[in-house]
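Numbering (UniProt numbering), first residue to last: 1 to 112. Quick reminder that beta carbons are idealized off the backbone N, C-alpha and C, glycines included. To start, the structure itself, in structure tokens.
Written out as structure tokens, the structure reads:
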């Protein structure tokens, strides 16, 4: 079943297999211009949206954050330190008793 106008969403046709199907793709141009007007899907792919916005120096920050975690692990592995903390690791997602993901860099995985 289609709206027939050629615009907007169309209703899914029912099928005997009862499979879920994409009905339509909705894109609001005003949302895409917030961080990257040329490719809003790229933002979602690289997890830079919502509470992890794009900012000037993001790549350099990510390098430093990842490097700190890798450096901390190197200190532990070489017995140069008993405890190592990367204060930039995990950022606001790092919680004492709740694994809730990571911001820009999954530095815990890099450390492991």
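I'd like to know whether the C-beta atoms of residue 90 and residue 103 end up nearer to each other than 8 Å. Between residue 90 and residue 103, the gap from beta carbon to beta carbon is short of 8 Å.
Looking only at C-alpha atoms, which of 106, 75, 69, 93 sits nearest to residue 51? Closest by alpha carbon: 93.
Please classify residue 65: is it buried, with 16 or more other beta-carbons within 10 angstroms of its beta-carbon, or exposed? Counting Cβ neighbours within 10 Å, residue 65 comes out buried, since at least 16 surround it.
How is residue 70 classed by DSSP in three states: helix, strand or coil? helix
Below 8 Å CB to CB, which residues in the same chain sit around residue 85 once its five sequence neighbours on both sides are set aside? Correct list, in chain order: 72.
What are the boundary residues of the alpha helix (DSSP H) that residue 110 is part of? 107-111
Keeping to the same chain, check which residues put their C-beta closer than 6 Å to that of residue 8; ignore five residues upstream and five downstream. Note that residue 8 has pLDDT 48, beneath the 50 cutoff, so the model's placement of it is unreliable and the number below is only indicative. The answer is none, since no qualifying residue turns up.
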